[in-house]
Amino acid sequence: ALASGSFDVMAAVMVGGMVPPLAIALSTTFFPKKWTPSERRDGIVNYVMGLCFISEGAIPYAAADPLRVLPSCIVGSAVSGALSMLFGCTLRAPHGGIFVFPVVGNPLMYVVALAAGSIVGAVILSLLKKTRTDVV
72 ALASGSFDVM AAVMVGGMVP PLAIALSTTF FPKKWTPSER RDGIVNYVMG LCFISEGAIP
132 YAAADPLRVL PSCIVGSAVS GALSMLFGCT LRAPHGGIFV FPVVGNPLMY VVALAAGSIV
192 GAVILSLLKK TRTDVV
């Protein structure tokens, strides 16, 4: 995308990659009855991982419950990427996370796209997951 000058595509890809760990972090925080105490505790780390564009924070959750986690993260990422494109955001760096915000074109709307996709992903995930009766 960078070599062809498609900076809008790079922005969409990078914002989409930040969504899965952030969606999981939001879900574990705001819908605690859906998660075990261990999952809730580990979910907090995903705030940092998502903001740093370390998508791997979502892997343990996706491995444990792929039928619920994967669709919600995919939809949330798609929402973020689509909004980033709609808002005309650009990124001239081949990486994501808060470290590249200084080189994002239209950074305020980039944050809006990130927040919207993360919230959508978290809500879908929380609706798909069953409430646990074995946790406090």
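So the sequence shown is numbered by the numbering used here: it starts at 72 and just counts up by one. All C-beta atoms, glycine included, are put in the ideal place defined by N, C-alpha and C.
What residue from the options has the CA that sits closest to residue i's CA?
i, options, result
"residue 89", "111, 107, 193 and 105", "193"
"residue 208", "98, 79 and 74", "The requested residue 208 does not occur in the structure, where the chain is confined to residues 72 to 207."
"residue 123", "183, 176, 205 and 172", "172"
"residue 160", "169, 75, 177 and 117", "177"
"residue 144", "126, 155 and 158", "126"
"residue 94", "205, 118 and 170", "118"
"residue 166", "154, 101, 133 and 121", "121"
"residue 208", "76, 75, 74 and 81", "It is not possible to answer for residue 208, since the shown part of the chain is limited to 72 through 207."
"residue 115", "108, 96 and 101", "96"
Since I believe residue j is in contact with residue i (beta carbons under 8 Å), could you give me their beta-carbon distance rounded to a whole number of angstroms?
i, j, result
"residue 84", "residue 181", "Contact doesn't hold; Cβ gap of about 12 Å is too wide."
"residue 135", "residue 91", "About 14 Å separates the two Cβ atoms, so there is no contact after all."
Quickly, what does DSSP pair residue i with across the bridge? List them, please.
i, result
"residue 162", "175"
Counting Cβ pairs, one atom from each stretch, are 3 or more of them under 8 Å apart for the segment 138 to 156 and the segment 183 to 199? yes
Kindly confirm or deny that the segment 184 to 192 and the segment 142 to 149 touch, where touching means at least three C-beta pairs closer than 8 Å. yes
Inside the segment 104 to 150 only - alpha helix (DSSP H) runs reaching at least 4 residues: 108 to 122 and 130 to 135
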